[in-house]
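Only one structure is covered here, and it is reproduced in the block below.
Numbering (my numbering), first residue to last: 813 to 928.
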């Protein structure tokens, strides 16, 4: 099985999720450090759709400029959030993992087991 993780090595949850992937037999892991190699807006839209969550649910508020950018207001649209995320990858909550069985925002890290 192939798995892709949008990873931040400084994040404990992301590191724990990656460890689960690496310890699972038969999983070929591709690691994308999204702060260096950000997903496109189209990819983000697809990931959130496949995960069954909204861009608002995938927005990282803590430790990001989301509030200063006004992205936490109720009036902000999903398109506005996706546009902002495409410009500033720090706005993505992590880690996101994609396999043939689906996509999960792996908070907590054990959510990754749902798609293995």
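Just so it is clear, CB atoms sit at the ideal spot from N, CA and C, and this is done for glycine as well.
Counted as a single uninterrupted DSSP element, the beta strand (DSSP E) harbouring residue 917 occupies residues 914-917. Taking all protein chains shown into account, residue 905 has 16 or more neighbouring C-beta atoms within 10 Å of its C-beta and is therefore buried.
For residue 908, the enclosing beta strand (DSSP E) covers residues 908-911.
Within its own chain, the residues whose Cβ lies closer than 8 Å to the Cβ of residue 830, once the five positions on either side in sequence are excluded, are 817, 819, 841, 843 and 907, listed in chain order. Here the alpha carbon of residue 918 sits roughly 12 Å from the alpha carbon of residue 823. Nearest neighbour of residue 889 by Cα position, chosen from 868, 897, 828 and 880, turns out to be 868. Apart from the 5 residues on each side of it in sequence, residue 925 sits with its Cβ closer than 8 Å to the Cβ of 832 in its chain, given in chain order. Your pair residue 898 and residue 827 does not check out as a contact, with CB atoms roughly 25 Å apart and the cut at 8 Å.
DSSP places residue 814 outside any alpha helix (DSSP H); the residue lies instead in the beta strand (DSSP E), whose first and last residues are 814-819.
In the DSSP assignment, residue 904 is bridged to 871. Burial check for residue 915: the Cβ neighbour count within 10 Å reaches 16 or more, so the residue is buried.
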